[in-house]
Amino acid sequence: MHEVLRDFLHKFVLVCIDDILIYSRSMAEHQGHVAEVLRRLRSYHLFLKAEKCLFHQSSEQFLGYVINRSGIRMDEKKVAAVRDWPTPTCVKELQRFLGFANFYRRFIKGYSSITSPLTNLLCNKPKALTWTPAAMQAFHTLKQAFTTAPLLVHPDPELPFIVKIDASTTGVGAVLSQQQGNPPKLHPCAFFSRKLSPAGQIMTSATGNCLL
């Protein structure tokens, strides 16, 4: 499907295996985009099941996200899954939790710093999980961060971007934002972060800001 719709991708189409999302700025534009995609599919003798299609939606769930004209947010079912996640009792359960949470890291400010005590539990491939007070606090902090994660606005290439970076003793992070709306307000487009290596953790804050 990617090859079939290649020249439409990230212009007005997103594809995941056989799921197609078409997005537009107006209804008239959207109708044109839908027609283009349908013509392309027909030219390759590809067909859609009408009962599996949704047209002219103002909000749509796609790959664990809820997308509308205002921006992107996490699916409430996924947020509830993290909120109600029981405390992991073994290494595999913690790995499963972190793998699930990592998918949504761009919504969480300072994700790498928050999860650092949790990932430390997995260093040296332990056979058993030994919780520390810091790790337990990190587990609850991350769950809380999911319930308060902001809406991420769609980046507008016509507007200036603002990048704010920060470094701590365990990681570096940044937020990409834009002034949008009327009156303009600062809104996040995405959060970025990564954990520092032992060597990186001894650097100064100014140097750490350059490592992102």
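All the letters of the sequence shown, read from the start, carry residue numbers 1 to 212 under full-length UniProt numbering. In this text, a Cβ means the ideal position worked out from N, Cα and C, and glycines have one as well.
Cβ-Cβ distances below 6 Å link F62 to L21 in the same chain, with the five nearest sequence neighbours on each side left out; the list follows chain order.
For L129 against C90, the beta-carbon gap comes to about 5 Å, under 8 Å, which counts as contact.
Put simply, the backbone Cα of W85 is about 44 Å away from that of Y44.
When C-beta atoms of the stretch 126 to 144 are compared with those of the stretch 160 to 174, fewer than three pairs fall below 8 Å, so the two segments do not count as touching. Counted as a single uninterrupted DSSP element, the alpha helix (DSSP H) harbouring I114 occupies residues 111 to 120. Boundaries of the alpha helix (DSSP H) harbouring S43: 27 to 43, taken from the DSSP string.
Under the three-state reduction of DSSP, H56 is assigned to coil, being neither helix nor strand. The alpha-carbon of L9 is positioned some 34 Å away from that of L196. Here R73 is bridged, per DSSP, to V66. For G32, the number of other beta carbons within 10 angstroms of its own is below 16, and it is reported as exposed. The beta strand (DSSP E) runs of length 3 or more contained entirely in the stretch 152 to 186 are, from start to end of the chain, 162 to 167, 171 to 180.
For V13, the enclosing beta strand (DSSP E) stretches over residues 13 to 16. DSSP places D19 within a strand segment (E or B) once states are collapsed to three.
Shown here, K143 sits in a helix according to DSSP, grouped into three states. Taken through DSSP and simplified to helix, strand or coil, A134 comes out as helix.
With a cut-off of 8 Å on Cβ pairs, the stretch 100 to 115 is not in contact with the stretch 178 to 186, counting fewer than three such pairs.
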